[in-house]
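Undergrad:
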Amino acid sequence: EAEVAQSPRYKITEKSQAVAFWCDPISGHATLYWYRQILGQGPELLVQFQDESVVDDSQLPKDRFSAERLKGVDSTLKIQPAELGDSAMYLCASRTRGLAGVTQYFGPGTRLTVL
Amino acid sequence: KQEVTQIPAALSVPEGENLVLNCSFTDSAIYNLQWFRQDPGKGLTSLLLIQSSQREQTSGRLNASLDKSSGRSTLYIAASQPGDSATYLCAVVGQGGKLTFGQGTILTVHP
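As structure tokens, then:
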């Protein structure tokens, strides 16, 4: 069964360093999402892509976060510089093109710890 | 802005009990509602998806109901097992497919 792939699974970094996370959605899925989940809370949407275009980045802290999906397939989320409050699980999800009501499939996530 | 609330925040039950998890949302203009399971340190697994036109969905020992007009959903788990221990997340799908999640219910089923 096809899955959403994410790497790395775990990342430990020091404050002010740069970090990057990678996501490879299920083949053929045009819509890709990045979520951030702080421990004990539900995931919150950071950015949504439709193919290579950003559809919603209203909750993305653009002073330090950036996201790209250059060829409309895999995606990278970057944080520069990392802050202590960025420690969280970063989840990637994808779904097929079309109706907004279809299921999103989630990857295993990247656990970020900022020291 | 859509807000999703889940009650209780944590629940501990003995094996074999039937249980109900609750979810409420403030904006009834949703496409659907999904229940997810999350094991510690892992990603999310979709359990059930209820379209806005539906009242309930069933999968094995799980049954989810939706009352869109009142902004409520319940997840019923029958004959709970220790393997059901996890965090259960409710999420509503709004415009553009955006998921808004509740904070989750941590379920512990002890033998």
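Residue numbers (our numbering), protein chains in the order written: chain A, -13 to 101; chain B, 185 to 295. By construction, the Cβ of each residue, glycine as well, lies at the ideal position given by its N, Cα and C atoms. Since this is a predicted model, take the numbers as computed values, not measurements.
With 8 Å as the C-beta to C-beta threshold (strictly closer), list the residues of the region 41 to 52 of chain A near chain B in chain order.
TA: Correct list: 41, 42.
Undergrad: Roughly how many angstroms lie between the CA atoms of residue 15/A and residue 277/B, to the nearest whole one?
TA: Their Cα atoms are separated by approximately 17 Å.
Undergrad: Just curious, the beta strand (DSSP E) that residue 19/A is in, first and last residue?
TA: Note, residue 19/A: beta strand (DSSP E), 17 to 23.
Undergrad: For residue 70/A, does the three-state DSSP call read helix, strand or coil?
TA: Of the three classes helix, strand and coil, the one that applies to residue 70/A here is helix, per DSSP.
Undergrad: Under the assumption that residue 187/B contacts residue 220/B (Cβ atoms under 8 Å), give the Cβ distance between them as a whole number of angstroms.
TA: Not a contact, Cβ separation roughly 18 Å.
Undergrad: Measure from the C-beta of residue 186/B to each C-beta in chain A and report whether the shortest distance is under 8 Å.
TA: Judged by the 8 Å Cβ criterion, residue 186/B is not in contact with chain A.
Undergrad: For the region -5 to 6 of chain A against the region 66 to 75 of chain A, do three or more pairs of beta-carbon atoms, one drawn from each stretch, fall closer than 8 Å, so that the two count as touching?
TA: With the cut-off at 8 Å, the region -5 to 6 of chain A and the region 66 to 75 of chain A touch.
Undergrad: Using a C-beta to C-beta distance shorter than 7 Å, which residues of chain A count as neighbours of residue 225/B?
TA: The answer, in chain order, is 97.
Undergrad: Compute the beta-carbon to beta-carbon distance between residue 274/B and residue 286/B, rounded to the nearest angstrom, for a pair I have assumed lies under 8 Å.
TA: Between residue 286/B and residue 274/B the Cβ distance is about 5 Å, and since that is below 8 Å, they are a contact.
Undergrad: Would residue 263/B and residue 206/B qualify as a contact pair, given that the criterion is a beta-carbon distance under 8 Å?
TA: No, these two residues do not count as a Cβ contact at 8 Å.
Undergrad: Let's see if you can read the secondary structure: which residues bound the beta strand (DSSP E) around residue 229/B?
TA: Segment 228 to 235, the beta strand (DSSP E) holding residue 229/B.
Undergrad: Could you check which residue in -11/A, -1/A, 20/A, -6/A has the C-alpha nearest to that of residue 78/A?
TA: Looking at the Cα atoms, 20/A is the closest of the given residues.
Undergrad: Looking only at DSSP bridge pairs, what is residue 240/B linked to?
TA: BP columns for residue 240/B point to 249/B.
Undergrad: Whose C-alpha, out of 257/B, 247/B, 194/B, is nearest the C-alpha of residue 211/B?
TA: Cα-wise, what sits closest to residue 211/B is 257/B.
Undergrad: Drop a sphere of 10 angstroms on the beta-carbon of residue -12/A, count the other beta-carbons inside from all chains shown, and report buried for 16 or more, exposed for fewer.
TA: With fewer than 16 other Cβ atoms within 10 Å, it is exposed.
Undergrad: Counting C-beta neighbours from all protein chains within 10 Å, is the total for residue 91/A 16 or more, i.e. buried, or is it exposed?
TA: Classification of residue 91/A: buried, given that the 10 Å Cβ count is 16 or more.
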